[in-house]
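K.L.:
Take a look at this one; I'll ask things after.
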Amino acid sequence: MTAAVVTGVGSAVPEPMDQAGLWNDFFRAHYGGDPVAERIFASSAITMRHGVADPRLEDVSSWSTGRRMARFVDEAPRLGKAALGNALAAADLDPADIGLFTVASCTGYSTPGLDLVLARDLGMDATVQRLMIGHMGCYAALPALGAVADFVVARRRPAVLLCVELTSLHIQPATEDVSQMVAHALFSDAAAAIVLQPSDAAARPPGLRFVDMVAVADHSTSDHMTWDITDLGFRMGLSPQVPSVLARHVGAVVRDRLLAPHGLTPADVTGWAVHPGGRRILEVV
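For reference, each letter of the sequence shown is one residue, going 1 to 285 in our numbering.
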């Protein structure tokens with residue numbers, strides 16, 4: 001049977017920003033020395049982040065959404081092109097051979113979008129199928145990966161997925177909203193790309209075989225994470241209950257829904273990749 005195999009992975013990040021410097025040189029004054037904000041930054045366990053907009057050099061918190069989107073259009077293609085170039089080089093694949101190009105992002109929008117701009121600039125074929133997934137947050141990577149893998153198996157052609165997020169463009173005016181403080185203490189910017197190619201038992205390229213994907217939603221907690229478009233960029237709502245909700249579900253989802261149908265247990269897994277959605281998320285998982 002045909003399988004989808006990961007043959008290339010690439011990433012790109014903008015300039016580094018040290019966490020202590022961000023607090024001392026910007027966010028301390030931004031929040032008027034609020035002790036709650038200081039405690040959140042100090043307990044994040046983060047030492048370094050990356051951003052296309054360093055608030056110590058340019059304060060975007062008063063920028064209009066239009067100005068932020070214009071900056072996204074300037075910055076995102078550069079990061080995306082670098083990540084895609086690294087992934088395609090690792091897969092030893094020509095951009096013209098790609099059958100499906102999928103892009104996921106929730107921090108910027110434009111038309112023509114990243115999918116068209118990057119397909120053109122990288123030299124993908126004019127017949128390449130393009131899929132743009134927006135406003136699903138970090139979770140978008142999962143359904144996007146599933147769609148890309150399904151395409152590879154069904155069409156027997158290579159596909160590539162790119163995720164780009166520039167959260168540094170969405171620093172908000174200071175408020176006493178704790179969820180805003182958490183968001184400002186955690187998130188940063190990056191691009192990541194992955195190439196999948198078809199294979200069968202007789203001719204399988206080296207790489208990780210995509211076996212299965214499971215996604216489970218607790219609809220009763222849909223208000224725990226929000227991402228609202230405002231006149232001053234995108235504002236995140238982040239409930240402190242998110243790690244507790246995750247704790248109720250993650251074990252059973254991994255054991256019973258993902259691994260058990262394939263005759264596996266957690267003890268059989270030699271490596272894990274966990275989304276770093278904050279220190280508590282990592283500890284819960």
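Backbone N, C-alpha and C define an ideal beta-carbon position, used for all residues, glycine too.
Taking buried to mean at least 16 other C-beta atoms within 10 Å of its own C-beta, is Leu-196 buried or exposed?
P.N.:
Here the question's residue 196 lines up with position 196 in the sequence shown. Buried, by the Cβ-count rule.
K.L.:
For the pair the stretch 128-144 and the stretch 98-105, tell me if three or more CB-CB distances fall below 8 Å.
P.N.:
The stretch 128-144, when compared against the stretch 98-105, does touch it at the 8 Å Cβ threshold.
K.L.:
Could you tell me how far apart the beta carbons of Pro-173 and Ser-11 are, in whole angstroms, since I believe they sit closer than 8 Å?
P.N.:
Within the sequence shown, residue 173 is the residue found at index 173, counting from 1. Within the sequence shown, residue 11 is the residue found at index 11, counting from 1. Pro-173 to Ser-11, Cβ: 31 Å. No contact.
K.L.:
Quickly, what does DSSP pair Thr-226 with across the bridge? List them, please.
P.N.:
Stepping through the sequence shown from its first residue, residue 226 is reached at position 226. Paired residues: Gly-237.
K.L.:
Write down the C-beta distance between Thr-107 and Glu-165 rounded to the nearest angstrom, noting that I regard them as a contact closer than 8 Å.
P.N.:
Here residue 107 refers to the residue found at position 107 of the sequence shown. Here residue 165 refers to the residue found at position 165 of the sequence shown. Indeed, because the Cβ distance is near 5 Å, the residues count as touching under 8 Å.
K.L.:
Which word fits Asp-268, buried or exposed, when buried means at least 16 other C-beta atoms lie within 10 angstroms of its C-beta?
P.N.:
What you label residue 268 is simply residue 268 of the sequence shown in a count that begins at 1. So Asp-268 ends up on the exposed side.
K.L.:
Report the residue from Leu-208, Ile-229, Gly-233, Gly-237 whose alpha carbon sits nearest the alpha carbon of Thr-221.
P.N.:
Counting from one through the sequence shown, the residue named residue 221 turns up at place 221. Nearest option by C-alpha distance: Gly-237.
K.L.:
Could you give the residue range of the beta strand (DSSP E) that holds Arg-130?
P.N.:
As a working mapping, residue 130 is identified with position 130 in the sequence shown. Segment 129-134, the beta strand (DSSP E) holding Arg-130.
K.L.:
For Ser-188 versus Ala-3, is the C-beta spacing smaller than 7 Å?
P.N.:
In the sequence shown, the residue the question calls residue 188 occupies position 188. In the sequence shown, the residue the question calls residue 3 occupies position 3. Taking 7 Å as the Cβ cut-off, Ser-188 and Ala-3 do not qualify as a contacting pair.
K.L.:
On the three-pair Cβ rule with 8 Å, is the stretch 215-233 touching the stretch 30-48?
P.N.:
No: fewer than three Cβ pairs fall under 8 Å.
K.L.:
Please identify the residue among Val-274, Ala-83, Leu-142 whose C-alpha is closest to the C-alpha of Leu-114.
P.N.:
For the purposes of this step, residue 114 is taken as the residue at position 114 of the sequence shown. Closest option to Leu-114, Cα to Cα, is Ala-83.
K.L.:
Between Arg-28, Val-52, Met-17, Ser-43, which has its C-alpha nearest Gly-80's C-alpha?
P.N.:
Here residue 80 refers to the residue found at position 80 of the sequence shown. Considering only alpha carbons, the answer is Val-52.
K.L.:
Tell me whether Ala-273 sits in a helix, a strand or coil according to DSSP, three-state version.
P.N.:
Locating residue 273 in the sequence shown gives position 273, where the first residue counts as 1. In this structure, Ala-273 counts as coil in the three-state DSSP scheme.
K.L.:
Identify the residues that DSSP records as bridge partners of Met-124: which are they?
P.N.:
As a first step, residue 124 is located in the sequence shown; it is residue number 124 there, counting from the start. Met-124 pairs with nothing; no bridge assigned.
K.L.:
For a test of the three-state rule: what should DSSP assign to Pro-55, helix, strand or coil?
P.N.:
Translated into positions along the sequence shown, residue 55 becomes position 55. Note: Pro-55 maps to coil in three-state DSSP.
K.L.:
Taking 7 Å as the cut-off, decide whether the C-beta atoms of Thr-65 and Asp-177 are in contact.
P.N.:
Counted from its first residue, the sequence shown places residue 65 at position 65. Counted from its first residue, the sequence shown places residue 177 at position 177. No, these two residues do not count as a Cβ contact at 7 Å.
K.L.:
I believe Val-128 touches Ala-119 by the beta-carbon criterion, under 8 Å. Please report the beta-carbon distance rounded to the nearest angstrom.
P.N.:
Here residue 128 is taken as the residue at index 128 of the sequence shown, counted from 1. Here residue 119 is taken as the residue at index 119 of the sequence shown, counted from 1. With a Cβ gap of about 6 Å, Val-128 and Ala-119 count as contacting.
K.L.:
How far does the beta strand (DSSP E) with His-50 in it extend, from its first residue to its last?
P.N.:
Working through the sequence shown from its first residue, we reach residue 50 at position 50. Its beta strand (DSSP E) spans residues 48-50.
K.L.:
Following the continuous alpha helix (DSSP H) through Met-69, name the residue where it begins and the one where it ends.
P.N.:
Residue mapping note: residue 69 aligns to position 69 of the sequence shown, counting from 1. Here the alpha helix (DSSP H) through Met-69 covers 65-91.
K.L.:
I need the straight-line Cα distance from Asp-212 to Ala-149, nearest angstrom please.
P.N.:
Taking the first residue of the sequence shown as position 1, residue 212 is located at position 212. Taking the first residue of the sequence shown as position 1, residue 149 is located at position 149. Cα to Cα, Asp-212 sits roughly 9 Å from Ala-149.
K.L.:
State buried or exposed for Gln-19, treating a residue as buried only when at least 16 other CB atoms are found within 10 Å of its CB.
P.N.:
As a working note, residue 19 is residue 19 in the sequence shown. Buried, by the Cβ-count rule.
K.L.:
Taking the alpha-carbon of Ala-252 as reference, which of Val-13, Pro-240, Thr-265 has the nearest alpha-carbon?
P.N.:
Your numbering for residue 252 matches position 252 in the sequence shown. Among Val-13, Pro-240, Thr-265, the Cα nearest to that of Ala-252 belongs to Thr-265.
K.L.:
Are the beta-carbon atoms of Phe-41 and Ala-185 separated by less than 7 Å?
P.N.:
For the purposes of this step, residue 41 is identified with residue 41 of the sequence shown, where counting begins at 1. For the purposes of this step, residue 185 is identified with residue 185 of the sequence shown, where counting begins at 1. In this structure, Ala-185 lies closer than 7 Å to Phe-41 by Cβ.
K.L.:
DSSP puts Leu-142 in a beta bridge; with which residues?
P.N.:
For the purposes of this step, residue 142 is taken as the residue at position 142 of the sequence shown. Note: Leu-142 sits in no beta bridge, so no partner.
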